[in-house]
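Right, one structure below, let's go through it.
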Amino acid sequence: MISEIDLTNIHNARGRIYAFLSNVYLNQPDESFYKLLSDILPQLKEIASSNDDINNGVSLLEKFLNIKSSKSHTEAEEFELNVQRKYASIMCLPNVAPQEESFYTSKDHLLNQESHDEMVALLSKYQLVLDKKYGLYYDHISVEFKFMSLLAYLSAEKISDSSLYTALLNEQLDFHKNHFDKWVNEFFNKILFACTEDELLFRSLVYIARGYLYEDKNLLQQLLSDNQ
């Protein structure tokens, strides 16, 4: 049986990783973006050994950061500009890799559909208010990651309340099944298709996210089994 202290640490760690994923899929690369990558790398290394995707992602991310840090000031400016151009070509052009669940799950790839309404309802259920930076589409990948981050932190706070804690675990597992499982792999594949072999950053973020979602779903299933 896992102790309450260990469970608290587990859920807080989940919250940090989901917050990281939310930020990197929302924000255009800049200095704060790169600092976020460097800061999360040690935590990602701790969980990498059990999952090939996370291993590959961490390896590519570390390689990317090492290359970036080796650049002179002038070289770094050009390097970062190229990263921003690649970001724009993947995340900003229509139909390259749309970031809204509705695009993948609705008829005719329409936005603001059922999954968007479901996200609005879930955020309201937990009285969660999002910053305006998340825009109008509440089924955006960064919003869905943010939702999971907030529920992970809430789980850490409610471990002593057995019924509420179990309900939170079930909510998060259901979110995997009803949302992530239905679309994120297609989204990730679109990013990978748009990347060349030397595009280290965006490939690394796909592998890390894909691997972490797989591990997190398994973790939630195990925690629910242990909690019965």
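Per our numbering, residue 72 is the first one in the sequence shown, and the count goes up by one each step.
C-beta: ideal position from N, C-alpha, C; glycine also.
Note that the coordinates shown come from a computational prediction; the quantities given were computed from them, not determined experimentally.
Counting C-beta atoms within 10 angstroms of its own C-beta, Y278 has 16 or more neighbours from the protein chains shown and is therefore classed as buried.
When the Cα atoms are used, N122 and G282 turn out to be separated by approximately 6 Å.
Around the beta carbon of D269, a 10 Å sphere encloses fewer than 16 other beta carbons of the protein chains shown; the residue is thus reported as exposed. Under the three-state reduction of DSSP, E270 is assigned to coil, being neither helix nor strand.
Sixteen is the threshold: when 16 or more other Cβ atoms of the shown chains lie within 10 Å of the Cβ of V154, as they do, the residue is buried.
Going by C-alpha positions, C266 is about 21 Å away from F91. The continuous stretches of alpha helix (DSSP H) do not include P169, and DSSP gives it neither H nor E.
Using a Cβ distance threshold of 8 Å, S177 and E185 count as a contacting pair.
In the assembly as shown, L131 is a buried residue. Its beta-carbon has 16 or more other beta-carbons within 10 Å. In this structure, the CA atom of D287 is about 11 Å from the CA atom of I118. For A223, the closest C-alpha among the options Y209, I212, A238 is that of A238.
Cβ neighbours of E257 within its own chain (closer than 8 Å, five residues either side excluded): Y175. Residue burial annotation: M190 is buried, with at least 16 other C-beta atoms found within 10 angstroms of its C-beta. A direct Cα-Cα distance of roughly 11 Å separates F135 from E151.
Taking a cut-off of 8 Å for Cβ pairs, the stretch 103–117 and the stretch 75–89 touch, as three or more such pairs fall below it.
Residue pairing by DSSP places H211 opposite E171 in a beta bridge.
Taking 8 Å as the cut-off, the beta carbon of S173 is found no closer than this to the beta carbon of L164. A Cβ-Cβ separation of about 4 Å places S93 in contact with K217 under the 8 Å criterion. In the three-state reduction of the DSSP assignment, V200 falls in the coil class, being assigned neither a helical nor a strand state.
Straight through space, the alpha carbons of D188 and D210 are spaced by roughly 8 Å. Annotation for N298: no alpha helix (DSSP H) segment contains it, and DSSP assigns it neither H nor E.
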